[in-house]
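Following full-length UniProt numbering from start to finish, the sequence shown increments by one per residue and tops out at 924.
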Amino acid sequence: MAGLNGDPILGIDDKIENLQYNNNNNSNEAIDKEGLVGIGEESSTCYKNNQGGEKDMAGNSIHRSGSRPQLDLSKAEIQGNSEERDPTILLPNQSDDISHLALDIGGSLIKLVYFSRHEDQSVEDKRKKTVKERLGITNGNRRSYPVLGGRLHFVKFETSKLNECLDFISSKQLHCGRIDSHLWNSEPPANENAVIKATGGGAYKFADLFKERLGVSIEKEDEMDCLVAGANFLLKAIRHEAFTHMEGHKEFVQIDHNDLFPYLLVNVGSGVSIIKVDGDGKFQRVSGTNVGGGTYWGLGRLLTKCNSFDELLELSQRGDNRTIDMLVGDIYGGMDYSKIGLSASTIASSFGKAISDKKELEDYRPEDISLSLLRMISYNIGQISYLNALRFGLKRIFFGGFFIRGHAYTMDTISFAVQFWSKGEAQAMFLRHEGFLGALGAFMSYQKHGLDDLMVHHLVERFPMGAPYTGGRIHGPPLGDLNEKISWMEKFVQKGTEITAPVPMAPPGTTGLGGFEVPSSRGATLRSDASALNIGVLHLVPTLEVFPLLANPKMYEPNTIDLSDHKELEYWFTVLSEHSPDLVDKAVASEGGTDDAKRRGDAFARAFSAHLARLMEEPAAYGKLGLANLLELREECLREFQFHDAYRSIKQRENEASLAVLPDLLLELDHMDEEARLLTLIEGVLAANIFDWGSRACVDLYHKGTIIEIYRMSRNKMQRPWRVDDFDLFKERMLGSDGKKPKPHKRALLFVDNSGADVVLGMLPLARELLRRGTEVVLVANSLPALNDVTAMELPDIVAEAAKHCDVLRRAAEAGGLLVDAMTNTEDGSKGNSSSVPLMVVENGCGSPCIDLRQVSSELAAAAKCADLVILEGMGRSLHTNFNARFKCEALKLAMVKNQRLAEKLIQGKIYDCVCRYEPAPAS
Ligand SMILES: Nc1ncnc2c1ncn2[C@@H]1O[C@H](COP(=O)(O)OP(=O)(O)OP(=O)(O)O)[C@@H](O)[C@H]1O
Ligand SMILES: CC(C)(CO)[C@@H](O)C(=O)NCCC(=O)O
Ligand SMILES: [Mn+2]
Numbered sequence: 001m002a003g004l005n006g007d008p009i010l011g012i013d014d015k016i017e018n019l020q021y022n023n024n025n026n027s028n029e030a031i032d033k034e035g036l037v038g039i040g041e042e043s044s045t046c047y048k049n050n051q052g053g054e055k056d057m058a059g060n061s062i063h064r065s066g067s068r069p070q071l072d073l074s075k076a077e078i079q080g081n082s083e084e085r086d087p088t089i090l091l092p093n094q095s096d097d098i099s100h101l102a103l104d105i106g107g108s109l110i111k112l113v114y115f116s117r118h119e120d121q122s123v124e125d126k127r128k129k130t131v132k133e134r135l136g137i138t139n140g141n142r143r144s145y146p147v148l149g150g151r152l153h154f155v156k157f158e159t160s161k162l163n164e165c166l167d168f169i170s171s172k173q174l175h176c177g178r179i180d181s182h183l184w185n186s187e188p189p190a191n192e193n194a195v196i197k198a199t200g201g202g203a204y205k206f207a208d209l210f211k212e213r214l215g216v217s218i219e220k221e222d223e224m225d226c227l228v229a230g231a232n233f234l235l236k237a238i239r240h241e242a243f244t245h246m247e248g249h250k251e252f253v254q255i256d257h258n259d260l261f262p263y264l265l266v267n268v269g270s271g272v273s274i275i276k277v278d279g280d281g282k283f284q285r286v287s288g289t290n291v292g293g294g295t296y297w298g299l300g301r302l303l304t305k306c307n308s309f310d311e312l313l314e315l316s317q318r319g320d321n322r323t324i325d326m327l328v329g330d331i332y333g334g335m336d337y338s339k340i341g342l343s344a345s346t347i348a349s350s351f352g353k354a355i356s357d358k359k360e361l362e363d364y365r366p367e368d369i370s371l372s373l374l375r376m377i378s379y380n381i382g383q384i385s386y387l388n389a390l391r392f393g394l395k396r397i398f399f400g401g402f403f404i405r406g407h408a409y410t411m412d413t414i415s416f417a418v419q420f421w422s423k424g425e426a427q428a429m430f431l432r433h434e435g436f437l438g439a440l441g442a443f444m445s446y447q448k449h450g451l452d453d454l455m456v457h458h459l460v461e462r463f464p465m466g467a468p469y470t471g472g473r474i475h476g477p478p479l480g481d482l483n484e485k486i487s488w489m490e491k492f493v494q495k496g497t498e499i500t501a502p503v504p505m506a507p508p509g510t511t512g513l514g515g516f517e518v519p520s521s522r523g524a525t526l527r528s529d530a531s532a533l534n535i536g537v538l539h540l541v542p543t544l545e546v547f548p549l550l551a552n553p554k555m556y557e558p559n560t561i562d563l564s565d566h567k568e569l570e571y572w573f574t575v576l577s578e579h580s581p582d583l584v585d586k587a588v589a590s591e592g593g594t595d596d597a598k599r600r601g602d603a604f605a606r607a608f609s610a611h612l613a614r615l616m617e618e619p620a621a622y623g624k625l626g627l628a629n630l631l632e633l634r635e636e637c638l639r640e641f642q643f644h645d646a647y648r649s650i651k652q653r654e655n656e657a658s659l660a661v662l663p664d665l666l667l668e669l670d671h672m673d674e675e676a677r678l679l680t681l682i683e684g685v686l687a688a689n690i691f692d693w694g695s696r697a698c699v700d701l702y703h704k705g706t707i708i709e710i711y712r713m714s715r716n717k718m719q720r721p722w723r724v725d726d727f728d729l730f731k732e733r734m735l736g737s738d739g740k741k742p743k744p745h746k747r748a749l750l751f752v753d754n755s756g757a758d759v760v761l762g763m764l765p766l767a768r769e770l771l772r773r774g775t776e777v778v779l780v781a782n783s784l785p786a787l788n789d790v791t792a793m794e795l796p797d798i799v800a801e802a803a804k805h806c807d808v809l810r811r812a813a814e815a816g817g818l819l820v821d822a823m824t825n826t827e828d829g830s831k832g833n834s835s836s837v838p839l840m841v842v843e844n845g846c847g848s849p850c851i852d853l854r855q856v857s858s859e860l861a862a863a864a865k866c867a868d869l870v871i872l873e874g875m876g877r878s879l880h881t882n883f884n885a886r887f888k889c890e891a892l893k894l895a896m897v898k899n900q901r902l903a904e905k906l907i908q909g910k911i912y913d914c915v916c917r918y919e920p921a922p923a924s
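Right under this line is the structure:
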C-alpha cells in the first residue's frame, strides 16, 4: 500500500515555516527568545521565594514530586576544624515543616526518623475535575483517616554527641510537630505538651535532659517491640529492602509478605539482640551477645588509637589478619586438617599468634589488628545467629544494626559463617535501613500514624543530592531551595564526582574449607559514610495504586533491561553521560539561559554525574537497579535543580508544526478504506515515534531536517514486515475476517509518549479511529515532564487544537469534558454533540520516560477498570519497561527502536526497526 508516500504531505511543507532543528548557536538564540523570558522569571521567583514555602512552577506538581522542604542556610557554620574531612555543619536557622519525630537512643548512636508533611499541591484543574467526575473518583473513600503525603527522613548522631542531636532537633523544631492523630489529618495541634516517642536505653537515661533542653516529654517505647515493628514494616513495605551478600555479590531478595514469618532478627548494635519473630508484635528475644558493635569499636579504638569508627573500618581494608590470627596451618605445619573440614588457611584462633610472638602492641600493624577484630566479631555473630536459627528451625536470618554499616567484608563474613555452619540451609540477609529499625518502630508506635496499611506501592524512594540526610556529619534535610542548594554545593562540596558518596569496599576473597582469607580489598579508602547515599528519602504517596490490568502484579518486573550485567550498565552509563551536555543546554535554555540557570545547570550536571559514578561503583547502592530507575533518577535530578521542563520550547514548536499538518493527514486518511486506514494509522504511530529527544541517534537526525521532512522520511522507510509484526492479528481483531465484524473495544487506554508528531500525527489519529468505532479513549500521559514527553496537563490544549479540524475529536473531547470552555466550532461549523463516546486524558502518576505499572495514579487506576485494550507507545513505556508485561486485557505495544544495542538485544534487529506486538487477552 502506498501509505503517505508521494503523498499530500509533500504538498503541505509550505504551510510550515522552516522548523529546522539544529544545535548551533543561532538556533539556540531563537529558542531563547521564544517566550522564555517569562518562564525564566517565573522560575526565579519560584526558587527565590523560599519564605513562602514550596511553590511548584506551572502547577506541574503531582504527588510524586514537586515541592520540597526549604532549607535555611543562613548562619550555617562549620563546627570545629574546617580542615577536617566532612566537618560538622550546623544550620541554626533551619526549620522544616516537620510533623513527627521518633528516636532510638542506643549505646553508640542516636537514630532519628522524622516525617515532613508534603501536601499534594497539584492544582485541581478542569481536566482533573471532569476526569474525576467521569471516572467516579471521590476523595478519601479509601480509608477512614487519610495518611498525608509526606516524606520520611533518616538521620543519625553519635550518642556521645547528644548535644548536637538536641541542637539539630531544636533548630528544626522537630519536637514541635503536630502530635498524635493531628499529624495525619489537617487539624491544628491539640496542645503545647509535646511528646516524642523514643526507644533504646537513652530514652530512659536522657529523658530529663530532653525535658530540660527541649521541654518535651519522652514517651518510652520498648526497644525490642520497636526493632520488630521496624523490621516488619521494612520487610513488608519496601520492595528491595533485604538482600544477601556473599563473596562481594549483593542480591536483593523478594520477600513474600504472606510467607515472612517466622524469621530470626539479629540486631547488631553496641550489643547484639537475637529475636525470633513470629508475626506483628509476636516475638521473643531468644538470645543475645555482648560481643557486638561496641566491642569492635571499643577494643579497636584502644588497640589502634583510631579516632572514628570509620577510620577503624577503613584500616581493616588494608589489613592482613594472618600476622595476628593463628591459622590451622600455623598449628599443623602448613597442612590442612581436612578430616574435620579445616583448611590450612582457616583461622584456628583469633589473635592467637600474639601469644607466641615476642611482640608488643606497637609491633602489630593497626590495619591487621582491625581486620582480625572485625573478622572475629562478625564471624562470632554469624555463628551464634546460626545456632539460634538451628534451635528454632529458622531458615532466614535478617541482620540489622549499624555495626553492619553496609560494609562488604562484615556482611560476607557473617554470611560465610551462617552458610558454612548451616551447610547452606540457613540464609543471612541484610537490610538497607539496617540501623533504623528501632527508630522506625518508635515512629510506628504513634497512634494512627496510618503506616500500618501503607503498602509497597505507596512508597517511592528518592535520592536527592545536596546534604546527606542519613547524617552523621552534615546535618540537614535534603536541600530544598535551589539557590541555596547550589551555594551549598559550591561551598561545601568539591568538584564533580568527589561528592560521590562513599563506597563500601570491594569484595573480599572467600575461599577454602571453612577458610576465610584476607579480603583482597581494591581501592584504598572507605569513604566517609557508606550509608549516606545508600538510603534515600521515603516519599509516602498514598494515592498511588497498582495498575489493575496487570495480569500478575507479583511477578511483574517493569525493567526489560537488567543492569546487573556490568557491560550493559557501562553502556547505558555512557549513553546517559554523553547525553548530559545537550540536556544541560536544553535545560538552561528552558529557564531563559540566565546566569542563574547556568549555575543550576552546572549543579545538575555535577549531581547527576555523581549519582552515575556512585552507581557505577556500586550498582545496587540505591536498591535494585534497572534502566528505568536511571532514567527516572535523571528527571528527578533535573527537578531537584528546578528544571521543571527542559524541553518546553521544543515541545511547543513540534506541537505547532504537527498540528499544522494534521488536517491534511486526516483528510487523506478519510479517503482510504478501513483496512488501508488501519495500516496507515499504525505505520503513522511507528513513524512518528522517531521524535525522541532521549535518543542520541535521533537528536543527530534532527539537525538534518525539518520535522516534516523527518516524519516523511520515517514514513517512507516503513516497510513491513516490521521486526515484530503482529499487525495482521490486530487487524483481524479490529476488522474481523470472513465478513464478520467483531465488537469494538469498550475502552482503550493509550499510553502516549512524545510531544509533537508522535502524539499529534501518530496517536491522535489512532485515537480518532477508535472513537469512530465507538471505543472510549483514554489518553494516558505523564504527570510531570520527562524529556520531550507530552504531559497530561498539556494534552487538553493539543486535543482542543486538533479538534478544531476534526468533528470526531471535537465531539469526543466534549463528551470527555476536555473542551469545557475552549473553542466550540469546528471548521465545518457543526455544533457540539455530547452523545459521542468520550475522549479523556488521565495522568499516569509519574515523571519519567518509563513507567512502573505498580505505582500509577488513582486516575489511571480508575480509568483502567472498564478498559479492554491497552496501547503502550514508545521505547520507554513499551520496550525499556513493560515489553514483557502481561495484561488482563488485550495489549498493543508500538515502538520504533532508536538504539542499536537495544534493537540487537531485544528484537535481534537494528536501529529504526519497529515493534508492533499485539497480545490478545489471556483466556480467563
Ligand atoms: N559513625 C559511627 N560511630 C560509632 N559507631 C558506629 C558508627 N557507624 C557504625 N557504628 C557501629 O554501629 C554500632 C552501633 O549500632 P546501633 O546504632 O545499631 O546500636 P546502638 O543502638 O547504638 O546500640 P544498642 O542497641 O546496643 O544500645 C557501634 O557500636 C559501631 O560498631
Ligand atoms: C542491651 C541492649 C538490648 C541495648 O540495646 C543491647 O545492647 C543488647 O542486646 N546487648 C546484648 C546483651 C546480651 O544479651 O548479652
Ligand atoms: Mn540499639
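Ideal Cβ placement from N, Cα and C applies to all residues, glycine included. Computed from a prediction, not measured in an experiment: that's the story for all the values here.
Query raised in the report: Is residue 250 closer than 8 Å to residue 243 when the C-beta atoms are compared?
Result: Against a cut-off of 8 Å, the Cβ pair of residue 250 and residue 243 comes out as a contact.
Query raised in the report: Apart from the five residues just before and just after residue 890, which ones in its own chain have a Cβ nearer than 8 Å to its Cβ?
Result: If we look at residue 890 and ignore the five residues flanking it on each side, its Cβ neighbours are 733, 745, 868, 869, 870, 918, 919, 920 and 921.
Query raised in the report: Got a sec, what are the start and stop residues for the beta strand (DSSP E) residue 323 sits in?
Result: Note, residue 323: premise wrong, no beta strand (DSSP E); not H, not E.
Query raised in the report: Are the CB atoms of residue 812 and residue 837 nearer to each other than 8 Å?
Result: With a cutoff of 8 Å on beta-carbon distance, residue 812 and residue 837 are scored as near each other.
**Report entry** residue 905 versus 916, 325, 879 and 887, residue with shortest Cα-Cα distance
**Finding:** For residue 905, the closest C-alpha among the options 916, 325, 879 and 887 is that of 879.
Requested in this report: Can you tell me which of the three DSSP states residue 100 falls into?
Outcome: Correct three-state label for residue 100: strand.
Requested in this report: Drop a sphere of 10 angstroms on the beta-carbon of residue 884, count the other beta-carbons inside from all chains shown, and report buried for 16 or more, exposed for fewer.
Outcome: So residue 884 ends up on the exposed side.
Query raised in the report: Quick one, which of 158, 717, 678 and 817 has its alpha-carbon nearest residue 773's?
Result: Comparing alpha-carbon positions, the option among 158, 717, 678 and 817 lying closest to residue 773 turns out to be 678.
Query raised in the report: How about the segment 701-713 and the segment 721-730: do they share at least three Cβ pairs that are nearer than 8 Å?
Result: Between the segment 701-713 and the segment 721-730 there are fewer than three inter-stretch CB-CB distances shorter than 8 Å, so the stretches are not counted as touching.
Query - Endpoints, the beta strand (DSSP E) within which residue 115 is located - result: Per DSSP, residue 115 belongs to the beta strand (DSSP E) from 109-117.
Query - residue 742, buried or exposed, once every other Cβ within 10 Å from all chains shown has been counted against 16 - result: Sixteen is the threshold: since fewer than 16 other Cβ atoms of the shown chains lie within 10 Å of the Cβ of residue 742, the residue is exposed.
**Report entry** Near ligand 3: residue 106 beta-carbon under 7 Å from a heavy atom
**Finding:** Result yes, Cβ under 7 Å from ligand 3.
Query raised in the report: Does at least one heavy atom of ligand 1 sit under 7 Å from the Cβ of residue 624?
Result: The closest heavy atom of ligand 1 lies 7 Å or more from the beta carbon of residue 624.
Query raised in the report: Is DSSP giving residue 370 helix, strand or coil here?
Result: Here residue 370 carries a helix assignment [DSSP, helix/strand/coil].
Query raised in the report: Can you pull the DSSP bridge partners for residue 914?
Result: 896.
Query - Cβ-based neighbour list, residue 270, same chain, cut-off 7 Å, excluding 5 preceding and 5 following - result: Same-chain partners within the cutoff: 106, 107, 108, 292, 293 and 294.
Query raised in the report: Across which residues does DSSP place residue 856 in a beta bridge pair?
Result: According to DSSP, residue 856 bridges with 545.
Report task. Given a cut-off of 8 Å, decide if residue 685 and residue 873 are closer than it, judged by their beta-carbon atoms. Result -> In contact: residue 873 and residue 685 (Cβ atoms closer than 8 Å).
Query raised in the report: Apart from the five residues on each side of it in sequence, which residues of its chain come closer than 7 Å, Cβ to Cβ, to residue 827?
Result: A caution first: residue 827 carries a pLDDT of 46, below 50, which makes its placement in the model unreliable, though a value can still be read off. So the qualifying residues of the chain are 804 and 805.
Requested in this report: Please report how far the alpha carbon of residue 691 lies from the alpha carbon of residue 709, in whole angstroms.
Outcome: Residue 691 and residue 709: Cα-Cα distance of roughly 12 Å.
Query raised in the report: How many angstroms separate the CA atom of residue 376 from the CA atom of residue 350?
Result: Answer to the nearest angstrom: the Cα atoms are 6 Å apart.
Query raised in the report: Quick check: the segment 381-389 against the segment 295-306, are there 3 or more CB pairs under 8 Å?
Result: The segment 381-389 vs the segment 295-306: no contact.
Requested in this report: Answer yes or no: the CB of residue 292 versus the heavy atoms of ligand 3, is any distance below 7 Å?
Outcome: Flag unset: Cβ of residue 292 not near ligand 3.
Query - Buried versus exposed, by CB contacts within 10 Å (16 or more), residue 290 - result: Flag for residue 290 reads exposed.
Report task. Go ahead and label residue 392 buried or exposed: buried means 16 or more other beta carbons lie within 10 angstroms of its beta carbon, across all protein chains shown. Result -> Classified as exposed, residue 392 has fewer than 16 neighbouring CB atoms from the shown chains inside 10 Å of its CB.
Report task. Can you grab the Cα-Cα spacing for the pair residue 698 / residue 897, in whole Å? Result -> Looking at the two C-alpha atoms, the distance is approximately 11 Å.
Query raised in the report: Starting from residue 590 and walking both ways along the alpha helix (DSSP H), at which residues does that stretch end?
Result: That run of the alpha helix (DSSP H) goes 566-590.
Report task. Mind checking which residues open and close the alpha helix (DSSP H) that includes residue 299? Result -> Unbroken alpha helix (DSSP H) run through residue 299: 293-304.
Query raised in the report: Rounded to a whole number of angstroms, what is the C-alpha to C-alpha distance between residue 413 and residue 401?
Result: Distance between the alpha carbons of residue 413 and residue 401 is about 16 Å.
Report task. Would you mind working out which of 338, 367, 296 and 342 sits nearest residue 323, comparing C-alpha positions? Result -> For the residues 338, 367, 296 and 342, the minimum Cα distance to residue 323 belongs to 367.
Query raised in the report: Do you know whose CA, among 257, 168 and 341, lies nearest residue 280's CA?
Result: Ranked by how close their Cα comes to the Cα of residue 280, the residues 257, 168 and 341 have 257 in first place.
Query raised in the report: Mapping DSSP to helix, strand and coil, what is residue 289?
Result: Residue 289 falls in the strand class under three-state DSSP.
Query raised in the report: How many angstroms separate the CA atom of residue 162 from the CA atom of residue 201?
Result: Using only the alpha carbons, I get a separation of about 13 Å.
Report task. Could you tell me if the beta carbon of residue 200 falls within a distance shorter than 7 Å of some heavy atom in ligand 3? Result -> Checking the Cβ of residue 200 against ligand 3 gives yes.
Query - Buried or exposed by the 16-neighbour rule on C-beta atoms within 10 Å, applied to residue 923 - result: Using a 10 angstroms sphere on the CB of residue 923, the tally of other CB atoms stays under 16, which defines it as exposed.
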